[in-house]
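Numbering (this note's numbering), first residue to last: -1 to 116.
(1) So, are the CB atoms of residue 90 and residue 36 less than 8 Å apart?
(2) Per DSSP, which one or two residues make a beta bridge with residue 72?
(3) Is it the case that the Cβ atoms of residue 3 and residue 49 are separated by a distance below 8 Å?
(4) Check for me: the beta strand (DSSP E) holding residue 44 runs from which residue to which?
(5) Going by the beta-carbon positions, is the gap between residue 82 and residue 15 smaller than 8 Å?
(6) For residue 71, does the count of other Cβ atoms within 10 angstroms reach 16, so buried, or fall short, so exposed?
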């Protein structure tokens, strides 16, 4: 069974950093674009960032542009989200998924909680 497993979430102070990881259970995922989403309490899930399978192209939500960086290590079947200058508004459950940009995504991880305290 195909699985995406996120890790790296936690509690951090305003201005701090975290790096999220998303490990795929199959090497086939290395040939697909991947993305990160987040969902805050009482809000709809929103797009955060996406990366092509080659890593040549990335896409970011305006709210995280310049602070977050998406990357991937094909040899490890892993996608990362480096989050810097964190703000309370970044508090959410973060999900990785297979897909590109604002299009369709077909496989999702279980999510990892990120909490930014002020």
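C-beta: ideal position from N, C-alpha, C; glycine also.
Reading from the atomic positions:
(1) Translated into positions along the chain shown, residue 90 becomes position 92. Translated into positions along the chain shown, residue 36 becomes position 38. Against a cut-off of 8 Å, the Cβ pair of residue 36 and residue 90 comes out as a contact.
(2) Walking along the chain shown from the start, residue 72 turns up at place 74. Paired residues: none, contrary to the question.
(3) By one-based count along the chain shown, residue 3 stands at place 5. By one-based count along the chain shown, residue 49 stands at place 51. Contact: no.
(4) Counted from its first residue, the chain shown places residue 44 at position 46. Residue 44 -> beta strand (DSSP E) spans 44 to 49.
(5) Counted from its first residue, the chain shown places residue 82 at position 84. Counted from its first residue, the chain shown places residue 15 at position 17. Closer than 8 Å, so yes.
(6) In the chain shown, the residue the question calls residue 71 occupies position 73. Exposed, by the Cβ-count rule.
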